[in-house]
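Novice: Dropping a structure here in structure tokens format, bear with me for questions.
In full-length UniProt numbering, the protein residues as written are 1 to 258.
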């Protein structure tokens, strides 16, 4: 794995990021509680349906904070209601597409899909296959630009650190092609689970990459990430513009240059 300057990063730094993931996720949760008054000023847009997809081995419980936040902003938001995310099983792939199609029919328009980690990969694949159903995709720490081996099993303790190291072991990764719908990839160079380079897409008129300081596990509760999601969902249909770091209320400090 490399730093932004292209120099190799010491393996011990990667190990430290992996080991501190849970603690740093708790820091994000605490920052969310402190920053709640500022987040009330986040952008709001046209109410439209939003589906939130969980990460690997996670369920809708893991996206509860994010969904509650979006609901308070006025969006009709749902989880995927498919249990734990064990990977792209046929019933899961079909279930997500059927859910998005049903919501699009009920609301008379395409659906925004927000996916955390593996959920973001699902969201992008859905947009590739059924672009008329998807208004936009926002992925959070999703390594879609690389194809790591499918995890064999859930790990714990020292085994979990090994899984994290393997998921970060990508080489010669290049930004993925842009989607046929507007898309935002939120990534962090402090991600202790996946190589941040594997979260990048080619930037263009309707595609972008937005950097934050969050941990991988804390993406769904980090104030900066929540602001980005709100800002992206507030984009008018057909008039999407790239994210601009907010200058007010000191929020700019939450967003690195990239």
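Yeah, the Cβ is synthetic: ideal placement off N, Cα and C, and Gly gets one too.
Using only alpha-carbon positions, find the residue among 54, 208 and 78 that is nearest to residue 88.
Specialist: Per the Cα distances, 54.
Novice: Note down the Cα distance separating residue 175 from residue 92, rounded to an integer number of angstroms.
Specialist: Computed Cα separation, rounded: 26 Å.
Novice: Would you list, in sequence order, the uninterrupted alpha helix (DSSP H) runs of no fewer than 4 residues that lie entirely inside the UniProt domain "AB hydrolase-1" (49-161)?
Specialist: With a minimum length of 4 residues, the continuous alpha helix (DSSP H) runs that stay inside the UniProt domain "AB hydrolase-1" (49-161) are 64-72, 90-107 and 118-129.
Novice: Between residue 65 and residue 52, is the Cβ-Cβ spacing less than 7 Å?
Specialist: No, the pair does not count as a contact, with Cβ atoms beyond the cut-off.
Novice: Look up residue 210 in the DSSP assignment and say whether it is helix, strand or coil.
Specialist: Looking at residue 210 - three-state DSSP - the assignment turns out to be strand.
Novice: Whole-angstrom Cβ separation of residue 256 and residue 211, contact assumed at under 8 Å?
Specialist: Contact flag correct, Cβ pair sits at about 5 Å.
Novice: What are the boundary residues of the alpha helix (DSSP H) that includes residue 229?
Specialist: Residues 223-233.
Novice: Please go through the same chain and pick out, in chain order, the residues whose beta-carbon is closer than 6 Å to the beta-carbon of residue 173, but skip the five residues on each side of it.
Specialist: Around residue 173: 145, 146, 197 and 198.
Novice: Quick check on this structure: which residue in 48, 37, 80 and 32 has the alpha carbon closest to the alpha carbon of residue 108?
Specialist: Cα-wise, what sits closest to residue 108 is 48.
Novice: May I ask which residues mark the beginning and end of the beta strand (DSSP E) holding residue 183?
Specialist: Residues 183-188.
Novice: In the DSSP assignment, what are the bridge partners of residue 202?
Specialist: Its beta-bridge partners do not exist; DSSP assigns none.
Novice: Quick check: the stretch 74-90 against the stretch 26-43, are at least 3 beta-carbon pairs closer than 8 Å?
Specialist: Not touching, per the Cβ criterion.
Novice: Which residues share a DSSP beta bridge with residue 176?
Specialist: In the DSSP output, where bridge partners are listed per residue, residue 176 has 201.
Novice: Please list, in chain order, all residues of the same chain as residue 222 whose beta carbon is under 6 Å from its beta carbon, the five residues on each side excluded.
Specialist: Hits under 6 Å: 28 and 214.
Novice: Rounded to a whole number of angstroms, what is the C-alpha to C-alpha distance between residue 134 and residue 181?
Specialist: Each residue's Cα considered, the two are about 7 Å apart.
Novice: Assuming contact is defined by CB atoms lying nearer than 7 Å, are residue 240 and residue 184 in contact in what I supplied?
Specialist: For residue 240 and residue 184, no; Cβs fall outside 7 Å.
Novice: Within a Cβ cutoff of 6 Å, which residues of the same chain sit near residue 254, ignoring the five residues on either side of it in sequence?
Specialist: Answer for residue 254: 224, listed in chain order.
Novice: Indicate the three-state DSSP secondary structure (helix, strand or coil) for residue 243 in the structure shown.
Specialist: Coil, per DSSP.
Novice: Output the distance between the C-alpha atoms of residue 79 and residue 58, rounded to the nearest integer angstrom.
Specialist: Approximately 12 Å between the Cα atoms of the pair.
Novice: Exposed or buried, residue 191, counting other C-beta atoms within 10 Å across all chains shown (16 or more means buried)?
Specialist: When all chains shown are included, residue 191 counts as buried.
Novice: Pick from 101, 33, 179 and 32: whose alpha carbon is nearest that of residue 138?
Specialist: Ranking the options by Cα distance to residue 138, first place goes to 179.
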